[in-house]
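Working notes, beginning with the structure itself.
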Amino acid sequence: MGVAGRIIMQLIPVTPRFVVRWIASRYVAGPDLASAVTVMQNLAAEGACFTIDVLGEEISNLHEVRFFMDEYQALLDAIVEHELDANISLKPTAFGLLIDREKALENIEMITRKAAEHEIFVRLDMEDHRVTQSTIDVVHAMHERGLKNIGTVLQGRLFRTLNDIAALSSQAEGFADVRICKGIYLESGDIAHTGYRDIVEATNAAIDSLLDSGCYTAIATHDMPVINHSLAALESRGMGPHADDPREHVGHWAAGKGRGYEFQMLLGVRGNIRRRLAAQGHVTRVYIPYGRRWYEYSIRRLRENPDIAWHIAKSFVMPWTNRR
Ligand code: FDA
3 MGVAGRIIMQ LIPVTPRFVV RWIASRYVAG PDLASAVTVM QNLAAEGACF TIDVLGEEIS
63 NLHEVRFFMD EYQALLDAIV EHELDANISL KPTAFGLLID REKALENIEM ITRKAAEHEI
123 FVRLDMEDHR VTQSTIDVVH AMHERGLKNI GTVLQGRLFR TLNDIAALSS QAEGFADVRI
183 CKGIYLESGD IAHTGYRDIV EATNAAIDSL LDSGCYTAIA THDMPVINHS LAALESRGMG
243 PHADDPREHV GHWAAGKGRG YEFQMLLGVR GNIRRRLAAQ GHVTRVYIPY GRRWYEYSIR
303 RLRENPDIAW HIAKSFVMPW TNRR
């Protein structure tokens, strides 16, 4: 699989942009907010809710933050205007985290405060290991400023994740809300698991730990061994779509959330599994990336993890493995 992904990656530079655009159109809602709203209005009929991401990542100077500030404010207005069941996802490095921490905190606070006025949750996507701790620290800083409508992502592949769960759950006093995923960045063997099986086991252990420590647990995966483990873990704890969250000491940010947990999937990936979970009554949230930087986003994701190129190729050649 790794080899196939790498071969596909070598073909990308010679692939015409319109072909990349056509492929990306399955995974990116469109170049602007209006196209993202249309995609969500259509998907809402499948019982999905959403988390919306404005494409673009690490900025090289603070002037670039303006674009993200304006776009996220327009996005929050659109969620309210169109009454979308949606929250937002943002990348702290797009708000200046690696350039000026105080400025980044100020920017993220402004967006989070506006979101709180409309009971909208803010998710800080987790980027690579350079910003793991500083992203978690942003959540603590916002909680200290009285904003509880914010949480981040932890990556099952990182060795540190179980410790991060313990620290987050004890410091957030019932407001810890974590998206748990395998982690898209291929980190070194010094700090992370690198083999598929180890990553699945570590991710499943992290899910157990989140559930046991009272965190709101957003399970972000398309992988059946992780989904099946999660369903069994929920059941064994008396949690599920038709039961109130039985755990003590939880004070989750409630608006639009599930009963202590939810499933999350990327736009365009394994929709049949998502629809099945939704039909069983689980809250299912679709990650909706949009924006004019779709090309850079697509290429960067592929570079970070060439296996994605293989997943995409597979869904064209063997469409039954990944239904929209
Ligand atoms: P796995 O990679 O084994 O995929 C299982 C199957 O799903 C594949 O065989 C394929 O059919 C399909 N599939 C998975 N990904 C696909 C893709 N991109 N295109 C086409 N098919 C695909 N990571 C991170 O580091 N920080 C973050 O903040 C986030 N945020 C996030 C949000 C949401 C909602 C999701 C679903 C995922 C993330 N991730 C992430 C990415 C995550 O860490 C992980 O890289 C991917 O979800 C792939 O891992 P799976 O568990 O899906 O398994």
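Going by this note's numbering, the first residue of the sequence shown is number 3, and it counts up by one from there. Where is the CB? At the ideal position from N, CA and C, for every residue including glycine.
Asked, Found
"Beta-bridge pairing of I101 - partner residues as DSSP gives them", "None; I101 has no bridge partner."
"Range of the contiguous alpha helix (DSSP H) that encloses V30", "Neither: V30 is in no alpha helix (DSSP H) and is coded neither H nor E."
"Same chain only: Cβ atoms within 6 Å of F265, ignoring 5 sequence neighbours per side", "I221, L279, H284, T286"
"Burial state of L57, where buried means 16 or more other Cβ atoms lie within 10 Å", "buried"
"Cβ shell of V82 (< 6 Å), same chain only, five flanking positions each side left out", "H120"
"Span of the beta strand (DSSP E) around E203", "Taken as a continuous stretch (DSSP letters only), E203 belongs to no beta strand (DSSP E), being part of the alpha helix (DSSP H) at 198-214."
"Cβ pair K93, E59 closer than 8 Å", "yes"
"C-beta contact flag for I167 and V124 at 8 Å", "no"
"Whether I101 touches I314 by CB criterion (8 Å)", "no"
"CB of I290 within 8 Å of CB of A96, strictly", "no"
"Distance cut-off 7 Å: Y187 Cβ against heavy atoms of the ligand FDA", "yes"
"Same chain, Cβ closer than 6 Å to T219, neighbours up to 5 away in sequence not counted", "L212, L213, Y263"
"Chain-order list of residues whose beta-carbon lies under 6 Å from that of A194 (same chain, five-residue window excluded)", "R159, L160"
"Residues that DSSP places opposite Y263 in a beta bridge", "T219"
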